[in-house]
Structure formats: C-alpha cells, structure tokens
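A.B. asks:
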Amino acid sequence: MNIFKLQAAKILSTNYPDLSQNLILDSFELPKNSEFGDMALPCFKFAKALRKSPIQIADDFISLFHGNELYESITNIKGYLNFKFSKTIYIKSVLDNYTNENIFAELSLFGKNKTMVIDYSHPNVAKNMGIHNLRSTIIGQSLYNIFESLGYKAIGVNHLGDWGTQFGKLMWALEKWSSIEEVEEKGILFLNENYVRFHKEAEKNPSMEDEARKWFKKLEDNDLDAVKWWKLFIKISMESYKKIYKRLDVSFDFVTGESFYIQFLAETIAKLETANLTEISEGALVVKFDESDNMPPCLLKKSDGATLYGTRDVAAVMYRLKVFNPDVILYITDIAQQLHFNQVFNIIEKYNPSSKGKLEHIIFGRLSFPDGQMSTRKGNIIPLNEVLDKARDKVLEILDEREVEVPDKYETAEKIGIGAVIFNDLSRGRIKNIEFDWDQILSFEGETGPHIQYSYVRMHNILERVKCSDTSEIDFSALTDEYSYELIKTLEQFSKKVIQAHDDREPSVIAHYLIELAKNFNRFYRNNRIIDAPKDVQDSRIHLVKILISVYGKCMNLLGLPIVEKM
RNA sequence: GCACCAUUAGCUCAGCUGGAUAGAGCAACGGAUUUCUAAUCCGUAGGCCAGAGGUUCAAAUCCUCUAUGGUGUACCA
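For reference, each letter of the first sequence is one residue, going 19 to 585 in my numbering.
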C-alpha cells in the first residue's frame, strides 16, 4: 500500500472520527487529468456525515496538511481534494519497492495455497486447428499465467473433443477409401478431407450415417479395429496440435479428453439418481431445473441410452473437484455454450452445494467471417497455421525493407508475427465479437503486438549500449523530468493491474497496461537522452529502465507475447 | 415465444467499485536536433456514449422499457 494514501487516510480519520480509515482509502482515485495531481479524494460522499458542502469539506481537509512534507501541494477543485506528492519521496518509494524484483515476490502471496483449474483450447480431434481455436487457447493460457504469477497452483487441462459419432464417420470413410498407412503418411489434413468428403456423399446417401453410428458403437464396445483407428486419430491430431502449441508457447498439465471420463459416467449418473435429481422425460434421463432458473432440462441419457456432452462434463467437474480440490475451476469457451455450462454447473451445485461459486464459465465473443459461417464439415475453416505463417512472412518482408541487422531473421519474424496475432486478440475485451479480417490481424502499426515488442527492443538496446555503475548508490533525485515521473506513476500500477486482470478474468487489462507503459516509455525515450547524460542522471535513468524492462517483460510473459531483442 | 450478450469518433477499441472537460490506435491533414533503431514522437480535426424514462448531490457506467445486431433454446459438441 502506497504510503501517501495511508498517511492521508490516517490524518483524516483521526480528525474526523465519523469517517473510517477504510472508507477514505476506498474513496481515493486517480485524477482524470494528471495536471490536477497524483491522487484525488472526491469529498461529495462525506457531505451527509459532516453536514457541510463538499467544497467546504475539502477546504477543511486541506488545513490538516499544513507543513506535511509528503505532499508538495494539495488543492481543492470543485470538491475534489487533489494531492501532489513530493516527487523525490514518491519516486524513491516506488522504485525501492521494485528493486530486486521484490514486487513479483509480493504479488505471488496473493493466491498462496490456492488452486485453480483451467479448461481451455480443447480442440476437436481429427480436425485441423483453425483460427476459431485461437481465442480459447490464448485467453486460457494467459489466465493460467496470470493466476500462476499471483501464486496460485494453476492446473491447465486440455479437454480434447475425442469422443462421439464423428469418429465413426471417419472410420467408415477411411476403411472404405484409404488405409492406416496412407493416413499415417498424410496426416491431419487428410483426415479433414475425408471428413468433408463423408458429409458431401452422405447427403446423397443417408445410409452412410447409420454405418458411421455402427462404427462408433464398435469403438464404444472396444472393438480392436475401431480402437486402432481412434488411437491413430489422436496421435496424428496431437502431433499437429503440439506444433501450434509450441509456436504459441502454450502447454498443459493434463491432456484428458472427453473419452477419459467415459469410465466415470455410470457412477456419475448413479450419484445423481441417488440424490434424486433425475427423472425420465420423453424416454430420456434428464435433470430438470427450478422454474426461476428458466432453463430447459439437461439430458444425461438419450432415449436410446447413450450419454451426451453434458453427461461427460458433469463427470469431468466431479472428477476435478475430487482430484484437484480446487478453489476455482475456469472453463474458457465461446458464449454460445453459456446455457450448457449453466446447466452443468447448476446440476453440480445441486448435488454438492459446497461447490457453489467455484465453477466459472469464462465466455468470449463469437468469431465470425465476412462470407458467412465457417464449418469443419464443409471444410472452409481458416487453419491457424496459415494465419501464423502469413503473419511471419509479412514480417520477413518488412524486415528486409528496413535493413536492420537482425541475427536470426526467420526466427525473429516468427516471433513478431505470433506477437501480432496474439496481441490483436488479447488486447480487446473477451466478450467482444470479432469479425475475422486479414488486414486487421496483420496490422503492425499503432497499438499492436509489434509496437509492444519494439518498445522492448528499445529498452533492451539502451541497457546493452550503456553500462551502468553499481546500482547500490543510485540517486533517484536526478529523475526530475516529467516523463520519468509519468513513467514511474504508470509503473506503480503494476500490481493493481495484475490483480484486476485476475478479478475480471480479463487478459486485456494487461494488454492495455502494456500499451500505457509503452506510450510513457516512448515519450521518456524521445525526450531523455541517456547516453550523453551526466553520470548521475544516466545512472538513475538506467536504473529506471532496468526496473521497467523487468515489469514490462513480465507483462509480456503474462500474455504470451514473445520477447524479441532486435527488430 | 423465452433467455443470455453486445451497442462509445468514419473504422477498431479503452473508460477501474457511479465522480471533474468521455480517451487511445487506424484512416485524413500538418510537424519532429537523420537518433540510445522513425514499427517512434508531437499537433489539428473528428462524440446527442443506440433511444426514452428512472435512482442519485453526481450516470457512458446502476435499474426498467424500446430499437438494432449476435447467440442459445432436450436427444450434436
């Protein structure tokens, strides 16, 4: 906690016993315009308790601070008490806190001894990963990073879509049109092709659907041929997904697809039946909800006895609650699945009231395409690989144009391209719908990933070029310019921003904070030469940049933005 | 029909638990010791915060209704 806030709250609450220290602490805000001051206290809400006008109150408050050396000035603007801090004290107090990375250690106490399970990415096996898989994957990974940095034990789960009739379709198709060898050789795109071909031909020949169901039944009955195909699908899919996860720097603690929970289904259903939550409706086994919940029933078993998506998710939640004993479980999916998760969570909370509040569906907006819906069945998805490749190739061109000495051009271009794609997504609020647009995803100027990376390169270059003297004797009072001051004020926000990103489950908070840091740094950079500055100024500025780069780099890590040192 | 989500500058978006004159980027126009890398910085212009009510000292923010768009609504995932 900032000493300026504490001190002011203390002084005010001792003089006005009607106002508690916490009330005052909660009332502080950042002035809209930094010219007003560094911290503001709106006095309107004190008017009732003190029976005076806000302007009068602010004037009375000011008189309590005469001669206080913490504050350079305190002014009353229309009922707002605006504090300007003593710059030297403020700078020292912020930077001391950041020296030696204290701040990261302090932050990691926030979620100490807490466990968070996060279910993200979850692509459908045998389908090529497309741009539509991007959001869940990177939002999930970023939230994982954010929770972990706050000291949580984070458990990432990739709940693969590895069960269902679609595999019967593929098996039938490949038995007929191909062979194990050919599939092994040609990989996931070949699986896609056959899936598309199946649907095309099944339109003319509906009996194929029955054949597919038979094959899926064989799989459920552990038929050797069916299992052999199924295992091959998973192997091929994972090989392909791993390449993309590696590019995006995404990893999981557990890859347990839907099929993993098949073994618990009977037990899960039995538990719900024993708890009297189920009933038979129209031949199906369902859970009905209270009228006030306004939801259709959730099907656990179809009238033919087969289980569904919902059944497997209920089993998965029960398993995770039991095995990981988490404080919270996050599910990262598209908003379209909201009803589904409301149903699943509602069932779990009925069955096990102690799980209330632990389950969260973290939704994000729909991805749409200008030329209508995409669908794997029709084969018109945009492969994620292709997006990343295009981004990289465009960067390669730009690097050539710019004639900058970059040691490993291809590798650098890859990192910048990936950064652009990730930042484009994570810099907007989760809930926003996105229309896919090549120009936008490949735009590299302004508030984009490359801009964030470029600013890092500038920081890095300074530290590389200028050797700093021993940091133990830094005189921060040499940092007198407004740009340094604004930069330090932004730096101070770090913990608050990470915690806010956690509270809102919103990586874009970090993305916007990075933009803010970059903006303040670039101003600082433009206006403050470091290389030819006097020694004491140079040292203090270098020290500031060192602190900045550690915070800035940390934020990039939280989003999964690759760090580049030359570009 | 019912339910959920969204709507802020020409475009893409910020706007913290209600607080001061609603902010950025892109696009447009004008500028910056050719430098610690200009993928940068500075300036100009651009707004009835979808509309109407309500709560409040104070509403882009909270509540209600309406409009528009998106999504979901029992045997797909």
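Quick reminder that beta carbons are idealized off the backbone N, C-alpha and C, glycines included.
As the structure is a prediction and not an experimental result, all values here were calculated from the model.
Output yes or no for whether 8 Å exceeds the beta carbon distance between VAL332 and VAL362.
C.D. replies: Yes, Cβ-Cβ distance for VAL332 and VAL362 is below 8 Å.
A.B. asks: What alpha helix (DSSP H) runs, 4 residues minimum, are completely inside the region 260–310?
C.D. replies: Runs of the alpha helix (DSSP H) inside the region 260–310: 283–292.
A.B. asks: Under a three-way DSSP split, which group does GLY179 fall into?
C.D. replies: If DSSP states are grouped into helix, strand and coil, GLY179 belongs with the strands.
A.B. asks: Under the rule that 16 or more other beta-carbon atoms within 10 Å means buried, what is LEU473, buried or exposed?
C.D. replies: Residue 473 is actually Ser in this sequence, not Leu. Buried, because 16 or more other Cβ atoms sit within 10 Å of the Cβ of SER473.
A.B. asks: State the DSSP-derived secondary structure class of ASP426, mapped to helix, strand or coil.
C.D. replies: DSSP places ASP426 in coil when its eight states are reduced to three.
A.B. asks: Is it right to say ALA536 is buried, meaning 16 or more other beta carbons lie within 10 angstroms of its own, or is it exposed?
C.D. replies: Buried: at least 16 other Cβ atoms inside 10 Å.
A.B. asks: Pick out the complete beta strand (DSSP E) segments inside the region 65–138, 3 residues or longer, and give them in chain order.
C.D. replies: Correct list: 89–95, 98–103 and 133–137.
A.B. asks: If we ignore side chains and look at the alpha-carbon of each, how far apart do TYR108 and LEU24 end up?
C.D. replies: TYR108 and LEU24: Cα-Cα distance of roughly 13 Å.
A.B. asks: Looking only at its chain, what residues have a beta carbon closer than 6 Å to the beta carbon of PRO60, apart from the 5 residues adjacent to it on each side?
C.D. replies: TYR98, listed in sequence order.
A.B. asks: For ASN575, name the three-state secondary structure that DSSP assigns.
C.D. replies: It is helical.
A.B. asks: Around the Cβ of SER160, are there at least 16 other Cβ atoms within 10 angstroms (buried) or fewer (exposed)?
C.D. replies: Label assigned to SER160: buried.
A.B. asks: Starting from ALA58, follow the alpha helix (DSSP H) in both directions and report where the run begins and ends.
C.D. replies: Looking at the DSSP string, ALA58 is not in any alpha helix (DSSP H); the run it does join, the beta strand (DSSP E), is 57–60.
A.B. asks: Apart from the five residues just before and just after TYR138, which ones in its own chain have a Cβ nearer than 6 Å to its Cβ?
C.D. replies: The answer, listed in chain order, is SER154, GLY158 and ILE350.
A.B. asks: Whole angstroms are fine: how far does the CA of ASN370 sit from the CA of ASN294?
C.D. replies: For ASN294 and ASN370, the distance between alpha carbons rounds to 13 Å.
A.B. asks: How would you write the range of the alpha helix (DSSP H) that LYS319 sits in, first residue to last?
C.D. replies: Note, LYS319: premise wrong, no alpha helix (DSSP H); beta strand (DSSP E) at 316–319.
A.B. asks: With distances taken Cα to Cα, identify the nearest neighbour of ASP322 among GLY85, PHE387 and LEU303.
C.D. replies: ASP322 has its Cα closest to that of LEU303, out of GLY85, PHE387 and LEU303.
A.B. asks: Just to confirm, is the Cβ distance from LEU399 to HIS140 under 8 Å?
C.D. replies: Note that residue 399 is Ile in the sequence shown, not Leu. Their beta carbons are not under 8 Å apart, which means ILE399 does not touch HIS140 by this criterion.
A.B. asks: Quick one: grab the DSSP three-state call for ALA333.
C.D. replies: Three-state DSSP puts ALA333 in a helix.
A.B. asks: Mapping DSSP to helix, strand and coil, what is LYS408?
C.D. replies: LYS408: helix per DSSP, three-state reduction.
A.B. asks: Tell me the rounded alpha-carbon separation between LEU30 and ASP554.
C.D. replies: Distance between the alpha carbons of LEU30 and ASP554 is about 38 Å.
A.B. asks: Taking its Cβ as the centre, do 16 or more other Cβ atoms sit within 10 Å of ALA519, making it buried, or is it exposed?
C.D. replies: Flag for ALA519 reads buried.
A.B. asks: Going by beta carbon distance, what residues of the same chain come within less than 6 Å of HIS177, once the five residues before and after it are set aside?
C.D. replies: Closer than 6 Å at the Cβ level, and outside the excluded window around HIS177, lie ASP137 and HIS140.
A.B. asks: DSSP three-state call for LYS204: helix, strand or coil?
C.D. replies: Reduced to three states, the DSSP call for LYS204 is helix.
A.B. asks: If you scan the region 452–515 from start to end, which runs of the alpha helix (DSSP H) of 4 or more residues do you find wholly inside it?
C.D. replies: Complete alpha helix (DSSP H) runs here, min 4: 456–459, 467–483 and 500–510.
A.B. asks: Quick one: using the 10 Å Cβ neighbour count with 16 as the cut-off for buried, is THR325 buried or exposed?
C.D. replies: Classification of THR325: buried, given that the 10 Å Cβ count is 16 or more.
A.B. asks: Could you please give the first and the last residue of the uninterrupted alpha helix (DSSP H) stretch that includes VAL362?
C.D. replies: 356–369 is the extent of the alpha helix (DSSP H) around VAL362.
A.B. asks: Counting C-beta neighbours from all protein chains within 10 Å, is the total for PRO425 16 or more, i.e. buried, or is it exposed?
C.D. replies: By the neighbour-count rule (16 or more Cβ atoms within 10 Å), PRO425 is not buried but exposed.
A.B. asks: Could you spell out the range, first to last residue, of the beta strand (DSSP E) harbouring GLU1?
C.D. replies: Beyond the ends of the chain as shown, which are 19 and 585, falls residue 1; an answer cannot be given.
A.B. asks: Looking only at C-alpha atoms, which of ILE440, GLY169, LEU357 and ARG476 sits nearest to LEU460?
C.D. replies: Of the listed residues, the one whose Cα sits closest to LEU460 is ILE440.
A.B. asks: For VAL268, which of GLY447, TYR279, ASN575 and ARG544 has the nearest alpha-carbon?
C.D. replies: The candidate whose alpha carbon is nearest that of VAL268 is ASN575.
A.B. asks: Rounded to whole angstroms, how far is the Cβ of GLN471 from the Cβ of MET313, which I believe are closer than 8 Å?
C.D. replies: About 45 Å separates the two Cβ atoms, so there is no contact after all.
A.B. asks: Could you check whether the region 47–59 touches the region 86–102, counting it as contact only if at least three pairs of C-beta atoms, one from each stretch, sit closer than 8 Å?
C.D. replies: With the cut-off at 8 Å, the region 47–59 and the region 86–102 touch.
A.B. asks: Tell me GLY148's beta-bridge partners as DSSP assigns them.
C.D. replies: Note: GLY148 sits in a beta bridge opposite PRO401.
A.B. asks: How many Å lie between LEU192 and ALA144 at the Cα?
C.D. replies: Near 12 Å, if we compare the C-alpha coordinates of ALA144 and LEU192.
A.B. asks: Please report how far the alpha carbon of LYS50 lies from the alpha carbon of LEU68, in whole angstroms.
C.D. replies: Those two C-alpha atoms are separated by around 26 Å.
A.B. asks: Give me the Cα-Cα distance between ASN442 and ASP243, rounded to the nearest whole angstrom.
C.D. replies: Whole-angstrom Cα-Cα distance: 44 Å.
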